[in-house]
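These protein sequence lines map, in sequence, to chains A and B. Number 87 in our numbering belongs to position 87 of the first sequence; there are no gaps in the numbering. Number 1097 in our numbering belongs to position 97 of the second sequence; there are no gaps in the numbering.
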Amino acid sequence: MLSSSARRGAAVLLSAAVLTTLSACGAAPDKAAGTAGDGKSKVQPGAAASAADLGGMDALVAAAQKEGKLNVIALPPDWANYGAIIKAFEAKYKIKVNSENPDASSADEIAAVKSRKGQDRAPDVMDLGIAFARSGAAENLFAPYKVTAWDKIPAGQKDADARWYNDYGGYVSIGCDAAKIPNCPTTFADLLKPEYKGKVALNGNPTKSGSAFGGVYAAALANKGSFADIQPGIDFFGQLRKSGNFIPVESTPATVEKGETPISIDWDYLNAGYAEQFKGKGVDWKVAVPTDGVYAQYYSQAVNKEAPNPAAARLWMEFLYSAEGQNLYLGGHARAVLLPVMTQDGTVDKDAAAKLPQIQGTPAFPASAELDKAKATLAEKWDKALS
Amino acid sequence: MSPSTPTSHPEGTAGGSTTSRRRRRGPRTWLAALPLLAFTGLCFGIPLGAIAFGAVTRTDPSTGATQLTGEHLARSLQGPYLGSLIGSVQLSALTALIGGVLGVLIAQAVVTSRSQALRSAALTASGVLANFGGVPLAFAFIATVGISGVVTQLADLTGFGWNLYSFTGLTVVYLYFLIPLMVLVIAPALDGLRPQWREAAQNNGATGRQFWRHVGLPVLAPSLLGGFVLLFGTAFAAHATAAALVGGSVPLVTLKIADALSGNVLTGQENVALALGLDMILIAGLVMAVYLPLQRRSARWLR
C-alpha cells in the first residue's frame, strides 16, 4: 500500500506526464530533430530538393527512420494497389504509415493540408487529381523535390519546379458484364445502340468524380470535340439519357456485382480490378478502351511544404518512383508513369504489364487552360443536358 | 410539452396566462440557461459565422489577402446552382406534403385502433424506419426496384414506365423514411385530441366532417404544420441517398455543395459552396418564420 502522500505524488507525476503528451500532440514538429544528425547532411530534410541534398539515399533513409512515421491521406487500399504499397514501404523501411481517411477526395486533401498547418497530424504526402496538383502548387502548398527518377518522367507529366509530378493513371474504359450483355460495346458510338437501354453508367457525377469527368472528356473526343471543347461529350450523354440508355446510378463494386450497372465507364485499372474481383461470381467483366475516344489521366504526387515528417515524405516519394513502387502500381492494373522507361530497361514486371488493356499510341493531356475551360463548361451545362 | 409551472405574474395576463410561455423570472434564473446559450453559441454560432464569412469574402491564393465580395452569393443564385436550389425546394415540399398526409392517416389509424400491440409495433417500426437513410437505403432500393432489381424483374415495372433514377423515384425513396417520421411526430398530437370533444360535437348534432372542419383540424394545425416543417427540413438536408441514386441527374443543392466542397474535379469552388449553405439556412429560416407564429397561436389546445 502506498501512503496517501506518495499516492498524491504519483498522481501529480502522472497528470504532468499526460499533460506533456497532450501538449506534444498537435504541436509543431521539432525542426531540430529532423536533421540526420551525423553531420554529413547539408540541409534540413524539410528543405531538401533531392536525396543528394541530404547526402544520398542512405542519409535520407536514416533521417526518415529517425522520424519513424509517415502521414498519408486518401489512399484506398483497393485503389491502384495502395494497400500493398503501404505494406511494402512499412516492411522495407520500418516506418509506420498512418493512413487517414482513405476515401477522401483531392479537395479534402488540400483542405487537410491547409487546416492543419504546423500540426503533427498534417498529411506528409498527397495523391492528387491533376487540377488540384496545379491549384495547390499555385497556392504554394508543396515542397519542390526531385526524386532520383525525375529525369525519366515525361516532360508533359511534371511541374517544371518539381512541386508535383504524375505517378500512375489509366485510360477511360468501358467495362461490360459479358454474362448479361451478349455483345459488349467497344466504342462510344456503340453505346447509343438500343440494345443497351438502361445499362450504361458512369462512376459518379462528372462535376465531382474524376473518372466520370474523364468519361465525358473521352466522349467529347469521340464526337468531334477536343481538349478545348468538351460540349460534344455533354451532348453525347444528354443523348444517352434521352434514349434511356444512361442510368445515373453511380457504379461501385456493389452495383457491378449486383448487375445494376452492367456497362460502366470508368478508369481501366478499376474496371480491370473488377474483372479480377468478380471472377467466378457470375460476373464476366470485360474491359475495352474505346477506340474512338482515347483519354488518359494520371494522378500526381506532392510533398506537403510543411510536412511534419519531411524526410519520411521524401523517402515515400523515392519509393513510389523506384522500380519496386512502380511495379506495385502495375500490380493494381494502374499504368505507372515510368512504364515506358521500365519496359526499355527491363525492370518492369512483365506479367503485370501484360494484364493491362491494350492501347495504341501515347496519351496526350489537356493544358491547364483547356482543363479549366472544360470544367467550367461541364459545371454549367451538365445538369441541363441530363435532366 | 412541458407542464405549465405556476410562477408569479407581475403583470396580470388574465385570460392569456396559460397561453404566454414567457414569464418574468428572478434576476438570477437566467444563469441556469447559460450552459445552453454557450452551447448554442459555440456549436451553431461559430459555424454560422464561418459560413457567412466564407460566403461573402474571397482570399487570393497567392497573396493571401482577403476582401469582401458578393460574387459567391450571386453565383449561388444563378444557372445550375439556382436550378439545384429550386430542385431541392420542389422535392422537399412535394415529399413533405405527401409524407405528411400519408403519415397522418396512418397515425390516425394506429391511434384510434384499440390494439395496443399494433400501436407499439407501428411506433417502434416508425422509429427504426425514420432513421434508415443514406447509402444503405439507396442500395436497398436499387436491389429491389432498380433496373435489374428483384421486384422490377418479377413484376416488369420498367414496362409500366417505372424508373428509380428519376425525380419520381427519389420521391418514393424519400417517402420511405419521411412517412414513419410523420407518424412518430404526429401520434402524440392525435392522442391529445380528446374523445370528449368529439362526443360533445356529436351531441350537438355535428357530423364527422363538421367535427374535423371546425374542431379537429384547427386544433391539430400547428402540429401538422410542425410535422410538415420537420419533413421538409429532413428532405431538404438529405444527401447520401440522393448522391448514390441519381448523381447529378436530379439537381439538388446538397449534391452541388458536395461537388464544390469535396470533389476531384472542380477547384476553388469552396466559397460558392458556403454561399449555397447560407442560401439553405435562409430558406430553412423562412419556413420556420411561417411556422413559429402559427404554432404559438394555437399550441394552447394541446397540452
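No residue lacks a Cβ here, since even glycine has one placed at the ideal position from N, Cα and C.
query                                                                                                                                                                           : result
Would DSSP call Thr186 of chain A helix, strand or coil?                                                                                                                        : coil
Note down, one range per segment and in chain order, each alpha helix (DSSP H) of at least 4 residues found wholly within the stretch 173-243 of chain A.                       : 188-191, 210-222 and 231-243
Of the residues A:Leu386, A:Pro45, A:Leu202 and A:Asn98, which one's Cα is nearest the Cα of Ser243 of chain A?                                                                 : A:Leu386
On the criterion of 16 or more Cβ atoms from any shown chain inside 10 Å, does Glu276 of chain A qualify as buried, or is it exposed?                                           : exposed
For the putative contact between Leu1294 of chain B and Pro1222 of chain B, defined by C-beta atoms under 8 Å, what is the C-beta separation to the nearest angstrom?           : 6 Å
Could you check the C-alpha separation between Thr291 of chain A and Ala80 of chain A for me, to the nearest Å?                                                                 : 23 Å
Taking Glu318 of chain A as part of the alpha helix (DSSP H), name the residues at either end of that continuous run.                                                           : Pro310 to Leu320
Output the boundary residues of the beta strand (DSSP E) element that contains Asp127 of chain A.                                                                               : Val125 to Leu128
Please state whether DSSP places Trp1030 of chain B in a helix, a strand or coil.                                                                                               : helix
Chain A partners of Leu1266 of chain B, CB-CB under 7 Å?                                                                                                                        : Thr207, Lys375 and Ala379
Counting only Cβ pairs nearer than 8 Å, list the residues of chain B close to Leu386 of chain A.                                                                                : Gly1248 and Ser1249
Please go through the stretch 116-173 of chain A and give each complete beta strand (DSSP E) segment of 3 or more residues, from N-terminal end onward.                         : 125-128
Tell me which residues share the same chain as Lys305 of chain A and place their Cβ nearer than 8 Å to its Cβ, disregarding the 5 neighbours each side in the sequence.         : Asn140, Leu141, Phe142 and Ala143
Reducing DSSP to helix, strand and coil, say where Arg965 of chain B ends up.                                                                                                   : Any question about residue 965 of chain B goes unanswered here, given that chain B covers just 1001 to 1303.
Below 8 Å on the Cβ atoms is my guess for Ile181 of chain A versus Lys199 of chain A; work out the distance and round it to an integer in Å.                                    : 7 Å
Spatial neighbours of Asn203 of chain A within its chain, please: CB distance less than 6 Å, with the 5 preceding and 5 following residues excluded, ordered by chain position. : Ser209, Ser211, Ala212, Ser251 and Asp266
Leu1261 of chain B touches chain A at which residues, Cβ-Cβ below 8 Å?                                                                                                          : Ala107
Who are the near neighbours of Val43 of chain A in its chain, counting only those whose CB is closer than 8 Å to its CB and skipping five residues on each side?                : Asp53 and Leu54
Which value, in whole angstroms, describes the spacing of the CA atoms of Ala1052 of chain B and Ala1143 of chain B?                                                            : 41 Å
Gly1083 of chain B touches chain A at which residues, Cβ-Cβ below 9 Å?                                                                                                          : Asp383, Lys384 and Ser387
Three or more beta-carbon pairs under 8 Å between the stretch 1250-1268 of chain B and the stretch 1034-1048 of chain B, yes or no?                                             : no
If you draw a straight line from the alpha carbon of Phe246 of chain A to that of Ala201 of chain A, how long is it in whole angstroms?                                         : 6 Å
Taking the alpha carbon of Ala1240 of chain B as the reference point, which residue from B:Tyr1291, B:Leu1170 and B:Val1219 has its own alpha carbon closest?                   : B:Leu1170
Leaving out the 5 sequence neighbours to the left and right, which residues in its chain are closer than 7 Å to Gln65 of chain A when beta-carbon positions are compared?       : Tyr93, Lys94 and Ile95
Is the CB-CB distance between Ala374 of chain A and Phe227 of chain A below 9 Å?                                                                                                : yes
Of the choices B:Val1215, B:Pro1080 and B:Asn1271, whose alpha-carbon is the least far from that of Pro1195 of chain B?                                                         : B:Val1215
Could you confirm whether any beta carbon from chain A is found closer than 9 Å to the beta carbon of Phe1139 of chain B?                                                       : yes
What residue range is occupied by the uninterrupted beta strand (DSSP E) comprising Gln301 of chain A?                                                                          : Ala296 to Asn304
Using the C-alpha atoms, what's the distance from Val1246 of chain B back to Trp382 of chain A?                                                                                 : 13 Å
For Gly1079 of chain B, go through chain A and note every residue whose CB falls closer than 7 Å to its CB, in chain order.                                                     : Glu380
Could you have a look at Thr252 of chain A and say whether DSSP puts it in helix, strand or coil?                                                                               : coil
Which first and last residues belong to the beta strand (DSSP E) in which Trp1162 of chain B is found?                                                                          : Run containing Trp1162 of chain B: none; DSSP gives neither H nor E here.
Just the Cα atoms here: how many angstroms apart are Thr21 of chain A and Ala149 of chain A?                                                                                    : Interpretation of Thr21 of chain A is limited by its pLDDT of 42, a score under 50 that renders its predicted location unreliable; no figure is taken from the coordinates.
Secondary structure at Ile265 of chain A, three-state DSSP: helix, strand or coil?                                                                                              : strand
Measuring only the C-alpha atoms, how far is Gly282 of chain A from Asn271 of chain A?                                                                                          : 16 Å
Got a sec: is the Cβ-Cβ distance from Glu1199 of chain B to anything in chain A below 9 Å?                                                                                      : no
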